[in-house]
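First the structure, in the form of structure tokens, and then the observations on it.
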Amino acid sequence: MDAICTGAATLEEARELKHILVKTLMNHGFELKKWSSSTSGLLEGIQGENCASRTLTFDDEGTVIRVLGLN
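The opening position of the sequence shown corresponds to residue 398 in the working numbering, with each subsequent residue numbered one higher.
Written as structure tokens, this is what we have:
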């Protein structure tokens, strides 16, 4: 698996999705890295080296995150 790109309607839904993804992949020997989010609360508890960037804002046209080779 190369990348997961998804979203959620609320922070609580995003936290639940994050928990499910981490647990499921960990059970199969994988670790998610390069986390990015437009909500800083979702990045809490993720070590700095596992984050792709600071919190994303859609106001900053210079922010680019590559997902599956796309910008």
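Heads up, the beta-carbon is just placed ideally off N, CA and C, and yes, glycines get one too.
query: Does the distance from the C-beta atom of L429 to that of L418 stay below 9 Å?
result: yes
message: Quick check on this structure: which residue in L439, G426 and A406 has the alpha carbon closest to the alpha carbon of K415?
response: L439
task: State buried or exposed for S437, treating a residue as buried only when at least 16 other CB atoms are found within 10 Å of its CB.
output: It is exposed - the Cβ of S437 has fewer than 16 other Cβ atoms within 10 Å.
task: Assuming A449 contacts K420 (C-beta within less than 8 Å), just tell me the rounded distance between them.
output: Wrong, their Cβ atoms sit about 21 Å apart, outside the cutoff.
query: Can the beta-carbon of S434 be found less than 9 Å from the beta-carbon of A411?
result: yes
query: Expressed to the nearest angstrom, what Euclidean distance is found between the alpha-carbon atoms of E441 and G404?
result: 17 Å
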